[in-house]
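Report on the following structure.
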Amino acid sequence: MRTDLLRYLHVFAVVAEYGCIRASCDALVKAPSTLTRAIASLEGMLATTLFDRTASGLRLTAHGDLVRQHVRKIRAELVGVHAEALSSPGRIGPVAEVAALFNESRLRLAVLLAAQGHMPSVATAGCVTQPAVSQAIKHLESSLGQAMFARAPVKMMPTEQATEWISCFERVLRELDILRYRLRSAC
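Each step along the sequence shown adds one to the number in the UniProt record's numbering, with nothing skipped, and position 26 is 26.
This is the structure in structure tokens:
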């Protein structure tokens, strides 16, 4: 699987919103060094500078603004999933913060499992172990406060609610792929 770009984009979105590391630290409850490293890692992954560092804070570059446009679409999808999870009649546990959904590998594995219904096949396609697939799905279900898949001897089927969420996850993943493509084309 690829580097989990989505986790870093969550940090980017908050830093872009606040325009400085210090205020972002309070919002994310993270140390300044952690956020600085996350932004540097994201810039390395995307092979571009996202912020101009100035005395008054951080200012988005043209590429940073492009990333922010895509992150807004991604965030809107995940906030929608989060809101649906909170109000879902199938909820059996607490729902984690939206930030817990910013995990590309978990979303990709959930999409693959919905399509294939067979964990060993998903593990092979995702280049991970079957326990890793199981753990990713379990974590995602825990974050959403409910089961996403009905387990059967032959095939795992997404629940009705999860089918809607899988569509959202597909849009998020497509947006990430478009972002990667646009940044590669711009360089």
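By construction, the Cβ of each residue, glycine as well, lies at the ideal position given by its N, Cα and C atoms.
- Per DSSP, the unbroken alpha helix (DSSP H) holding Arg7 starts and ends at 5-18.
- Inclusion of Glu104 and Asp26 in the CB contact set at 8 Å is not warranted, their separation being larger than that value.
- Put simply, the stretch 175-185 touches the stretch 65-79. At least three CB pairs are less than 8 Å apart.
- DSSP places Thr34 inside the alpha helix (DSSP H), whose first and last residues are 32-46.
- With a cutoff of 8 Å on beta-carbon distance, Val98 and Leu112 are scored as not near each other.
- Distance from the CA of Leu35 to the CA of Thr163, rounded to the nearest whole angstrom, comes to 34 Å.
- Setting aside the 5 residues that flank it on each side, Trp165 is surrounded in the same chain by Val81, each with a C-beta closer than 6 Å to its C-beta; the list follows chain order.
- No Cβ-Cβ contact shorter than 8 Å links Ala47 with Tyr8.
- Rounded to the nearest angstrom, the Cβ distance from Phe12 to Leu50 is 7 Å, consistent with a contact under 8 Å.
- Cβ contact annotation for Val14 (same chain, cutoff 7 Å, sequence separation greater than five): Ser24, Ala27, Leu28, in chain order.
- Inside the UniProt domain "HTH lysR-type" (102-159), DSSP marks no whole beta strand (DSSP E) run of 3 or more residues.
- The beta carbon of Ser134 is closer than 7 Å to those of Met119 in its chain, skipping five residues each way along the sequence.
- Pairing Tyr18 with Ser41, the inter-Cα distance amounts to about 19 Å.
- Within its own chain, the residues whose Cβ lies closer than 8 Å to the Cβ of Thr61, once the five positions on either side in sequence are excluded, are Thr48, Thr49, Leu50, Phe51, Asp52, listed in chain order.
- In the three-state scheme derived from DSSP, where H, G and I count as helix and E and B as strand, Leu50 is classed as coil.
- In this structure, the beta-carbon distance from Gly117 to Met148 does not fall below 8 Å.
- With a beta-carbon spacing of about 26 Å, Leu144 and Val67 fall beyond the 8 Å limit used to define contacts.
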